[in-house]
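Worksheet for the structure shown next.
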Amino acid sequence: NHTFDTANADFIDDFLLVGGDLDTDNDLAADQAVELADDARVTHVLDVRLEANDSALWAQLPEVHYLWNGMDDAGQAVPDDWWDSTTDWVVNAITSGGRVLIHCHMGINRSPSVAFAALLTLGWQPVDAMTAIRTARPVANAWYAEQALAWHMNRTQTPPALATRAHQHLATWRRDHPLDVTRIIKDVRDRNNDW
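Heads up: the sequence shown at position 9 corresponds to 12 in my numbering, and the numbers run straight through without jumps.
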């Protein structure tokens with residue numbers, strides 16, 4: 004498992020990373036982007052923050068394909084077409100040999116949820132995907148994972164009994180692997196007092 008000097012990201016698998024945003028200091032953000040591109044060999048960056056956009060910075064590294072497809076992090080229902088566009092972009096990048104970083108602000112809810120959707124699309128079982136995400140990034144809650152699972156089950160026309168079973172397994176996993184998200188967000192904010 005690769006450890007970064009400055010970048011806020013974690014490898015879930017050799018082809019997929021999940022993380023939080025780049026630093027607010029432009030020089031440090033550039034250092035992080037270079038570390039991700041050069042050391043981690045990231046070829047694609049999916050930014051799912053509604054509140055910010057790093058397209059100008061990533062344009063300075065033209066070998067990295069950057070997509071901003073922001074969504075709010077307010078516990079809202081996420082439209083199927085958003086899951087379609089983000090997941091298709093990630094999976095197409097991976098299946099063409101790319102290495103993808105998905106990130107949001109803190110790497111707690113939005114980016115892990117998209118990583119979960121991508122792993123489902125790549126054939127992973129829901130509990131295996133959540134376990135890999137949480138193992139790689141212990142702060143990952145993936146608040147929208149249940150919505151991603153419902154989207155995936157609908158998209159793949161999974162029979163209702165199997166879809167219900169998959170949701171039950173995910174609920175059991177959540178019960179067995181609780182996460183105090185409020186404390187985690189507070190801890191992250193305390194460490195990064197510029198937020």
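Here a beta-carbon is modelled for each residue, glycine too, at the ideal position from N, C-alpha and C.
On a predicted model such as this, the values are computed, not experimentally measured, just so you know.
Which class does residue i belong to by DSSP, given the choice of helix, strand or coil?
| i | result |
| --- | --- |
| Asp-28 | coil |
| Trp-71 | strand |
| Ile-105 | strand |
| Leu-49 | strand |
| Val-94 | helix |
| Asp-17 | coil |
| Ala-12 | strand |
| Trp-198 | Residue placement at Trp-198 cannot be trusted, given a pLDDT of 44 that sits under 50; the coordinates are not used to answer. |
By Cβ distance, which residues of its chain are closer than 8 Å to residue i, with the 5 residues on each side in sequence left out?
| i | result |
| --- | --- |
| Trp-127 | Ala-135 |
| Val-94 | Ala-121, Thr-124 and Leu-125 |
| Gln-79 | none |
Considering only residues of the same chain and omitting the five flanking positions on each side of residue i, which have a CB-CB separation below 6 Å?
| i | result |
| --- | --- |
| Trp-154 | Asp-83 and Trp-86 |
| Met-109 | Gly-23 and Val-191 |
| Pro-115 | Val-21, Ile-136, Ala-143 and Ala-145 |
For residue i, which residues of its own chain have a beta-carbon under 7 Å away from its beta-carbon, when the five flanking residues on both sides are left out?
| i | result |
| --- | --- |
| Met-74 | Val-51, Leu-53, Val-81, Trp-85 and Arg-113 |
| Leu-182 | Asn-144 |
| Asp-8 | Glu-38 |
I think residue i touches residue j, with their Cβ atoms under 8 Å apart; what is that distance to the nearest whole Å?
| i | j | result |
| --- | --- | --- |
| Ala-164 | Leu-152 | Incorrect: roughly 15 Å between the Cβ atoms, too far for contact. |
| Ala-96 | Thr-46 | 7 Å |
| Met-156 | Ala-166 | 4 Å |
| Val-130 | His-68 | Between His-68 and Val-130 the Cβ distance is about 31 Å, and since that is not below 8 Å, they are no contact. |
Less than 7 Å between the CB of residue i and some heavy atom of the ligand ZN, yes or no?
| i | result |
| --- | --- |
| Leu-123 | In terms of ligand content, the structure shown is empty, and the ligand ZN therefore cannot be addressed. |
Worksheet item: Could you give the uninterrupted runs of the alpha helix (DSSP H) lying entirely in the region 103-151, keeping only those of 4 residues or more?
Response: 113-124 and 129-139
Worksheet entry | Contact the region 47-61 vs the region 137-145: 3+ CB pairs below 8 Å | The region 47-61 and the region 137-145 do not touch, with fewer than 3 CB-CB distances between them shorter than 8 Å.
Worksheet item: For the region 16-30 against the region 94-105, are there 3 or more C-beta pairs whose distance is under 8 Å?
Response: yes
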